[in-house]
Each structure stands twice: as structure tokens, then as C-alpha cells.
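Colleague: Protein chains in written order, with full-length UniProt numbering: chain A, 1 to 95; chain B, 1 to 95.
Below, the structure written as C-alpha cells:
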């Protein structure tokens, strides 16, 4: 019984973190699509802030032993990869 | 048994959040003590960032149903009150 509770709490925690990551993912996609049409200088700052917030959530979930370190870090790694691709595309667009 | 697991997870979560709040509290105290001797213009930004990070952790813990909303918000309210006192003291010190 106790492991069932733990499992469901862990699943819920991972799901919440993934939802937050998906929101940031969407922000990145929107900016990718609008690369040539319009630019918002605050976008970078908003993305950085959101990713920092998510990294704190993930760090907390790992420390609270709700989420395994690898699973938590994986969410961030994927986001950061996409963010790097956005910045790359933005800088090519500038040239 | 299952409620024991939940209770211990909740207690651990609250303890982690309180530890993070205490670290910010210490930053505020240090700045209070150094009010007349030296000023660091980045202090305000560091405090804001730290409090934002903590607010995201607390929000996550509430959504994951690890921590009650009132208990979580209480930690932030107390910190923000101390931060307001610091800014008040800083502005009086400027006059």
C-alpha cells in the first residue's frame, strides 16, 4: 500500500514537471515560428526565467525524493537543447 | 501505513522549503547588517531571483499535494515581509 502511494505521488510530480516543461517548449516553438516576422527582445529573458523556475521545481522534487535525479535532469536537458537550437536559429537569422 | 508515508513525505517537503527560505532569510539579514557599511547593487536582484525560485518550489509542492496551500504561502509571506523591511531600511538609509 505504501509503495502505491509513493508511486502515484511520484507519477503526479513527474507529470506536473512535464506540463511545466511543455509550456516552455511551446514558448520556444512560438518564437521559432516567428523568427522572421517579429522579434521580442524580452523573449530570451522570459525563457531564461521560466527555465530557472522549472530547474528549481525539479531540484526540489529530486531532494524530496519524489522524482529520480536522471528523470528530472532529463526534462531540463531536452529543454536546453531546444533552447540552444532556437538561439542558433536566431543568430543565423541575424546574419 | 500509506498515511505515514504521506506524512513523512509532506514533512520532508515542508522542511526542505523552510531550509531554502532560511537561506534567503540569512541573505536579508546580512544585507541589513551591512546597511551602513557597504552596498551591493546586485543584492536586490539576487534576492528577487532567490524568492522567485522558492515561490516556484512552493507552488509545485502545493500542486503535487505535498504541502498545504496555507502552509506554503505562509513561508513566502514571512519572507516578503522581511524583504519589505529591508527595502524600507535601505531607502531610509539613503535619505
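Note that the Cβ used here is the ideal one computed from N, Cα and C, for glycine as well. Just so we're clear, the structure is a prediction, and the values are computed from it rather than from any experiment.
1. Hey, could you find the ends of the alpha helix (DSSP H) residue 61 (chain B) is sitting in?
2. Rounding to the nearest angstrom, what Cα-Cα distance links residue 84 (chain B) and residue 45 (chain A) in this structure?
3. Mind checking if residue 30 (chain B) is an interface residue toward chain A, Cβ cutoff 8 Å exclusive?
4. Alpha carbon to alpha carbon, what distance is there between residue 88 (chain A) and residue 27 (chain A)?
5. Shorter than 8 Å from the beta carbon of residue 25 (chain B) to some beta carbon of chain A?
6. Nearest chain A C-beta to residue 53 (chain B) closer than 8 Å, yes or no?
7. Considering only the alpha carbon of each residue, which of B:15, B:47 and B:56 lies closest to residue 82 (chain B)?
8. What residues of chain B sit near residue 12 (chain A), judged by a beta carbon separation below 8 Å?
9. Classify residue 57 (chain A): buried if its beta carbon has 16 or more other beta carbons within 10 angstroms, exposed otherwise.
10. From the DSSP output, in three-state form, read off residue 30 (chain B) for me.
11. In its own chain, which residues sit with a C-beta less than 8 Å from the C-beta of residue 69 (chain B), not counting the 5 before and 5 after it?
12. By the 9 Å beta-carbon criterion, what residues does the region 65-95 of chain B contribute toward chain A?
13. From this set, A:64, A:93, A:6 and A:51, which residue's C-alpha is nearest residue 18 (chain A)'s C-alpha?
14. Closer than 8 Å by C-beta to residue 3 (chain B): which residues in its own chain qualify, once you throw out the five before and the five after it? Chain order, please.
Modeller: From the atom records:
1. What you label residue 61 (chain B) is simply residue 61 of the second chain in a count that begins at 1. Segment 43-63, the alpha helix (DSSP H) holding residue 61 (chain B).
2. Position 84 of the second chain, counted from the first residue, corresponds to residue 84 (chain B). Position 45 of the first chain, counted from the first residue, corresponds to residue 45 (chain A). Rounded to the nearest angstrom, the gap between the Cα atoms of residue 84 (chain B) and residue 45 (chain A) is 25 Å.
3. Locating residue 30 (chain B) in the second chain gives position 30, counting from the first residue. No, because no Cβ of chain A sits closer than 8 Å to the Cβ of residue 30 (chain B).
4. Taking the first chain and counting its residues from 1, one reaches residue 27 (chain A) at position 27. Taking the first chain and counting its residues from 1, one reaches residue 88 (chain A) at position 88. Annotation: residue 27 (chain A) to residue 88 (chain A) spans about 16 Å, alpha carbon to alpha carbon.
5. Residue 25 (chain B) sits at position 25 when you count from the first residue of the second chain. So no, residue 25 (chain B) is outside the interface.
6. Translated into the one-based positions of the second chain, residue 53 (chain B) becomes position 53. Answer yes: the Cβ-Cβ gap between residue 53 (chain B) and chain A drops below 8 Å somewhere.
7. One-based indexing of the second chain puts residue 82 (chain B) at position 82. The shortest Cα separation from residue 82 (chain B) among B:15, B:47 and B:56 belongs to B:47.
8. Mapped onto the first chain, residue 12 (chain A) falls at position 12. For residue 12 (chain A), the C-beta contacts it makes with chain B under 8 Å involve 64 and 65, in order along the chain.
9. Translated into positions along the first chain, residue 57 (chain A) becomes position 57. Result: buried.
10. Sequence index remark: in the second chain, residue 30 (chain B) carries index 30 (1-based). Helix at residue 30 (chain B).
11. Within the second chain, residue 69 (chain B) is the residue found at index 69, counting from 1. Excluding sequence positions up to five before and after residue 69 (chain B), its CB lies within less than 8 Å of the CB of 62, all in the same chain and listed in chain order.
12. Result list: 65 and 66.
13. Counting from one through the first chain, the residue named residue 18 (chain A) turns up at place 18. Minimum Cα distance to residue 18 (chain A) is reached at A:51.
14. Residue mapping note: residue 3 (chain B) aligns to position 3 of the second chain, counting from 1. Spatial neighbours of residue 3 (chain B) in its own chain (CB-CB distance under 8 Å, excluding positions within 5 residues in sequence) are not present.
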